[in-house]
Structure formats: structure tokens, C-alpha cells
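**Student:**
Residue numbers (the working numbering), protein chains in the order written: chain A, 61 to 457; chain B, 61 to 457.
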């Protein structure tokens, strides 16, 4: 049985995909074909997100509240949110609001899952949000031993043009360095007055000084666009960032009288699977992940070909029962990143679940060519964005 | 019996005063006259400092290690230190070192005890220290609700000229605003990595987030002059600041390999008594204290006349036994601030303990005129210093 997770999103054994009504029925039917196969990990994942929503007191994500939801919203990559109605209202009433995200310039790569965040930022930017992108050069120095000047260099040479290449409008995005933004560091001391030791421990598990500094710096980043002009804001994040959102919302309420702050809203996206199908594609682990950029086409092809799929034990079984796109990493990447066209994605899905394509065939027809195209498009856009960045004034002059 | 507290400082029932050898004998003799009177508060004070030295693992202060020790050093206002030998060595070898202090711009007054800190900073400045004075406008906003711009205004209008009027050389002192110094806020994140939750709790008693932010900001201030050019530094402070020194020294050691930091040295001064003789003259409490400036001479006179002294119950008793300068607030102020000339101070002491002067007579002859002169001199120097400050570039241009 599909689970409903907010209006308009049907969960098909972990595959969250908003389809035309007609398609939906077919998919449910297809889905039922493979229902004897129960993948514990796949089911856990579904349960996890449902549990997260329940336990974190967040709202399930309802993309009907937004005009023209983007691919990530429609395809269920965004699964939860917090107070998104205030953002929907700003969009509807054309009232000012902001959107903020951050870059950790610890390596000259970004992980594929970050594309979701960037697409969400782009969405809100297109809907009129004032857009802030912070470069966490201070955090990067403190936690990854990247000297501040090197962090800045990497951000200017890679991250900022990459974010632009993936969709942000360079003219409408305010990029800033943590190491230069005194508004943020000054806000840190104000916010820290408003949280007790026990509250902090309850939210973060411990009160390690480095955690305190890091958490309040993030809070300063999240709230500082409201200094001078209080307004709602939306922070697109992975679920691991939920504690920051929760504490920022509490502190914003406590500073409401003095500073007029609105509790920031959040839109949450799911983790991206690693190539071997394991849960989170972490930036820190070096093996088995697809990163942006992937410059070497052969290397990319190897990765896709080795990726964990939803194939059956034997060819015959797969032809008979169909594959399982709900646990297939290649399908996940295509759905969340590489294949923008809904019809093409539907075909990929159908040809899998009906047993028409075996995994190798699917990779040759969909996985590899669309991944290749994604990175070729990126490379072109990146070269153009580098020229934009060269003309921009970012940070100290 | 006088207690020895470091070479050259004899404690006479709480009176710490370095005298010519000849005078000393007389004083001990005089002291013995009044030994039947035991003031518990006075004795506790002596025990307190001895206990502090023992329990905090600090060194007792030995002014013989420094060339031409200043009035505060000679007269026992400085009672303890940490690692001061490295500073003495820098002075002797003409090697670079620094001295740092801070201003909390929460009101346009400074408390009399702060003069001791300023005189110590001036001493080390005269001995060649690079001198840093931070204005804690961030802390002042966070903890006292003084907006940053107002904190800056107060510092420029009052504190900075006051520090210059009390002896700092405007040409040799680097004044900076916490709200503008990114080196400090960037160092905060690095230092916080080096302290565990339990260590922090052991030193500060709790791990309240505001305490964490404040402590590491102070640490950033204390260590940042060593960025780029590691060198010993000395921080003149009241004993309440000892935890900051202790943690800064630990963290400096832990960052030694990466940044070359020297653990900072400290020179500790005693609390200043309030006018009623109670322990600490706090900036926060509004009653019964002498502050800098005291503009109203009549008001100042009233304060001195109402001050707690070491007088006896009856005139007759006082003429016979003499007064008790060791518990007299007026003597303390004269010794630590108002009377620079040793001979004059000795006369004041003698005329008290021999019963020659009753307290009213002593106040008329010493307390009032020297207090008045101190503040008149300050007022003149302050007007001059304001002109210096107008020409200085402090903070952002």
C-alpha cells in the first residue's frame, strides 16, 4: 500500500514520485508486482522519514502550497518542512523573504546531494527570495585545518562558480565569507544568551565548546539577514541540520521582542545514497560516490556500472518480476538529479519494473547517458560562471 | 607577625607596603601596638590571597624580577602572577612581547580599581611591550544590552581618552573594537576545538553557551597578538579573571605546534574595597564607590568623609592605641591610587597608627586633598587625551 506523505506525494516502497494521476495507478500496479520482495533497508528508510517527521515535530512537505514546484519538490526529494506556510504567503503576497545556504570549502568538490539544496535555493530565488550563500571558511579552518585564505581561494575558484553553474543567479545572490562577516559573529554572542546549557545538551547531545561555537555561528548565519529588516526566511537543508533549525527557531522567538526576528522556515531533503546503496553520501568519505564535477567520463561510467541497483538474482527472475527501482541507486540519481524530463523518467521506471530492461541495459540507456549529459552541461555552465565570478565583488575589496 | 608574600613584600596585617628597611622596623613595632585588635575581615583578606595563590597554582608576585617596579607593584596591589619570568626575560633581553587589556564600554565611568590595571599596562608599555586594548562592544551588547554603535561611541568619547589620561601612550597603544576584529572571532573557533566539555566545566563551573562564547572570545583576544608573530604576552587582571588566563595558557600550549603560541603570562591585582569597606568595588553596583571620573568635588568629599576607616570606638582609645590603616578604605585608596610619594604615604600611616591623627583629621590632611588632586590631574589629562583621540584612527575608517 502506498503511504501518503503530505498531499500529492505517494510513497511507493520508498520511491517518492509525484506522477500524473494516470501514471500513478500504473505504478501502484507495477509496484504490487514486486511486493513480495521486502528490502529491509528500503522499508526502514521509509519508516525513518515518517519517524523523523513525527519525532522532530516537523511538517510533512506539501508542494501544493508553492507555485510551480521544482523537480526536487515534485519528486519527493523534499520530504519535510517547518513553517513553510509563511514562505508560501510571502510568495503569494509578494512580501520580502530570504533564503540562505552555506558552503564548506574544504575540498574542490561538492557532493551530488548538494544539488538538491542548490535547486531549492534557486527555486526560492526565482520566487523572489533575497539569497544568501555563506562560505564557512572559519569552520573549515577550525574543523578541517584548511587555512582561511585557502578556503577563500577554493570558494572563489570552485564553489561559487559551481553554485552559479547549477542555477543561482550571480546578480541576485549575496555570497559572503564567514571570516569577514562581523554581523554574524556579533549575533553569536547575543543568541548564546538565550539558550541554557541543558537546552543545548537536549538538542545537540553534548555541550562541547567547539559544538557551541559552531552551532551559534550557524545560528548567526541563519538569522543575520533579518538584522535591520526582519522577515521570514527559508533554509533548505538535509535532515542532519534539523537541530540548527530547531534552535534557531527557538532563539528567534526569544529575540522577537528586541529584534523582531521571525522564526526561520526550513525545507528538508533526503539523504543521497552512496554508490553501494548505503545511506548517506558523505563528503568526508572518499570511496564510492559521485561528486560534482565528474570530469573523467570513463571514470563516471565505471562508477555507474558498479553502482548498487534493484536487480534480481537471475536474469530470468528479473524478466519475470521486474527490477526494483525503489532501492536502485542509479534510478535515485536519475530521478533526483540527471533526468529532468518526467516522461523519460517514467519510461525508465516502467522498463525496469516490467522486466523489459535488465540493469545493464537500463544503465546503458538511461544511467550512463543522462549522467554524462548532466556533467557535460555542468562543465559548460561552470566555465561561463567562472567568468561571471571574475567580474563579481565578493568579500573584502 | 608579618607574613612574607614574595621577596620584598611584607604583610602587616593586610597592609602590603614595601618600605625602606628602617621604616619597616618602625611599622612592625607600630603594628604590634594594635595587635590585640583582630578584624576578622582584614585577616580573612590576607588568608584569601594566600589561599588563592596556593589553590590557583599561581606564583606569588616578586617585584624584584622587574626593573623599576611601579607603585602598584611596590605597594603590594599586585600580589600574584603567572609565568612572569618570561616577561622579565623579554625586558632584559629586549625581545618582543605584548601586553593586553580590555574595556567594557557599558557605562561612561571606570572603577577606581581599573587604574591598577592601566598602571600595569603602562609599566609594560614603558618597558617595550606592544600594547593592545580591546573594546568589548560585542560582549557589552550581548550582556548589558548596549548596542554596538553606542558602545563604540562611549569608548571613543570616554574610555579611550581616560586610559590615555591615566598613562597609556596613544602612539604606542593599539585600540580595537571586538565587533571589528575578525582575527579574534576566527581564533575563537580554533581555540574551542582544544577544550573538552568537562575541562570547561571544571574551570568555569558550568557550560552555559553564553559563558562558552564569552570565554573563547576573551581567549581569542588574549592570544591573537601572537598570530603571525608568536611572542610572550602579559595580561594584567583582577583575580576574577584567573580562569581565562588558566584556560588560555592550556590552549596556547595545545596550539603551540601549529601556531607557535606562548602561554600568556599574567599579573594579578587585588580587589579594591568599596567605600563601606566591603570586598570588591563592582562596576555594576551603583552605591558607595569612587569612580573615575569624580567631577563634583563636594560629592567626592562627602564620599571620603563617609568612607569606612580603621578608627577606634572612642577618641581616647584612638589617641592611645592608634588607628588601623590596614582596614581603612581611605588609606587603601591613598596607597593604591592617590598618593604617589612614598614619604607622604609613610607619614599618613605613621600619624594614623601612633594616634596622632584621628580619622577626621587624617581625611582633611590626606584623604580629601590627595583624592581631589588625583581627579583634578585626571580631568586635565582627560581633556588633552580627547584631543589626541580625535586625531587617532581607531577601528574602521
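Beta carbons: idealized from backbone N, C-alpha and C, even for Gly.
#1: Rounded to the nearest angstrom, how far is the Cβ of residue 180(A) from that of residue 350(A), given a contact under 8 Å?
#2: For the segment 246 to 267 of chain B, enumerate the residues whose C-beta is nearer than 7 Å to any C-beta of chain A, in chain order.
#3: Pull up the DSSP beta-bridge partners for residue 194(A), would you.
#4: Strictly under 8 Å for the Cβ-Cβ distance: is residue 286(B) near chain A by that measure?
#5: Does DSSP classify residue 211(A) as helix, strand or coil?
#6: If the cut is a Cβ gap below 9 Å, which residues of chain B does residue 240(A) touch?
#7: Which residues in the same chain as residue 364(B) place their Cβ atom closer than 7 Å to its Cβ, once the five residues preceding and following it in sequence are excluded?
#8: May I have the straight-line CA-CA distance separating residue 310(B) from residue 372(B), to the nearest angstrom?
#9: From residue 312(B) to residue 220(B), what does the alpha carbon distance come to, in whole angstroms?
#10: Quick one: using the 10 Å Cβ neighbour count with 16 as the cut-off for buried, is residue 127(B) buried or exposed?
#11: Residue 331(A) to residue 184(B), Cα distance in whole Å?
#12: Assign residue 296(B) to one of three DSSP states: helix, strand, or coil.
#13: If you follow the alpha helix (DSSP H) that residue 426(B) is in, where does it begin and where does it stop?
#14: Interface residues of chain A around residue 201(B) at Cβ under 8 Å?
#15: Thinking C-alpha only, which one of 113(A), 135(A), 336(A) is nearest residue 396(A)?
#16: Helix, strand or coil: which one does DSSP assign to residue 344(B)?
#17: Under 8 Å between the Cβ atoms of residue 141(A) and residue 308(A)?
#18: Nearer than 7 Å: is that true of the beta carbon of residue 438(A) relative to any heavy atom of the ligand FAD?
#19: Do you know how far the Cα of residue 201(B) is from the Cα of residue 195(A)?
#20: Helix, strand or coil for residue 352(A)? Go by DSSP, reduced to three states.
#21: What residues of chain A sit near residue 297(B), judged by a beta carbon separation below 7 Å?
#22: Using the Cβ count rule (16 or more neighbours within 10 Å means buried), how would you classify residue 162(B)?
#23: State yes or no: is the C-beta of residue 379(A) within less than 8 Å of the C-beta of residue 420(A)?
#24: So, is the C-beta of residue 276(A) closer than 8 Å to a C-beta in chain B?
#25: So, are the CB atoms of residue 461(B) and residue 254(B) less than 8 Å apart?
#26: So, is the C-beta of residue 445(B) closer than 8 Å to a C-beta in chain A?
#27: Ends of the alpha helix (DSSP H) at residue 280(A)?
#28: Leaving aside the five residues before and after residue 248(A) along the sequence, list all residues of the same chain whose C-beta is less than 7 Å from its C-beta, in chain order.
#29: Kindly give me the distance between the Cβ atoms of residue 442(B) and residue 225(B), rounded to whole angstroms, as I take these residues to be in contact under 8 Å.
#30: Would you mind reading off the limits of the alpha helix (DSSP H) that contains residue 184(B)?
#31: Tell me which residues share the same chain as residue 192(B) and place their Cβ nearer than 6 Å to its Cβ, disregarding the 5 neighbours each side in the sequence.
#32: Within 8 Å (strictly less), CB to CB, does residue 438(A) reach chain B?
#33: Work out the CA separation of residue 411(B) and residue 239(B) for me, nearest whole Å.
#34: Can you grab the Cα-Cα spacing for the pair residue 334(A) / residue 169(A), in whole Å?
#35: From residue 270(A) to residue 445(B), what does the alpha carbon distance come to, in whole angstroms?
#36: Using 8 Å as the threshold, is the C-beta distance between residue 266(B) and residue 259(A) below it?
**Tutor:** Straight from the coordinates:
#1: That pair is no contact at about 19 Å.
#2: 246, 248, 249, 250, 252, 253, 255, 256, 257, 260, 266, 267
#3: 162(A), 236(A)
#4: no
#5: helix
#6: 242
#7: 390, 423, 427, 428, 431
#8: 48 Å
#9: 29 Å
#10: exposed
#11: 57 Å
#12: strand
#13: Per DSSP, residue 426(B) belongs to no alpha helix (DSSP H) and is neither H nor E.
#14: 246, 249, 250
#15: 135(A)
#16: Low local confidence applies: a pLDDT of 47 at residue 344(B) is under 50, so the model's placement there is unreliable, with the coordinate-based value given in what follows. It is coil, neither helix nor strand.
#17: no
#18: Questions concerning the ligand FAD fall outside what the structure shown contains, since it holds no ligand whatsoever.
#19: 26 Å
#20: strand
#21: Chain A residues near residue 297(B): none, gap ~20 Å exceeds 7 Å.
#22: buried
#23: no
#24: yes
#25: Past the boundaries of the shown model lies residue 461(B); chain B is included only from 61 to 457, so the question cannot be answered.
#26: no
#27: 269 to 283
#28: 276, 277, 280
#29: 4 Å
#30: 174 to 186
#31: 160, 234, 285
#32: no
#33: 51 Å
#34: 15 Å
#35: 41 Å
#36: no
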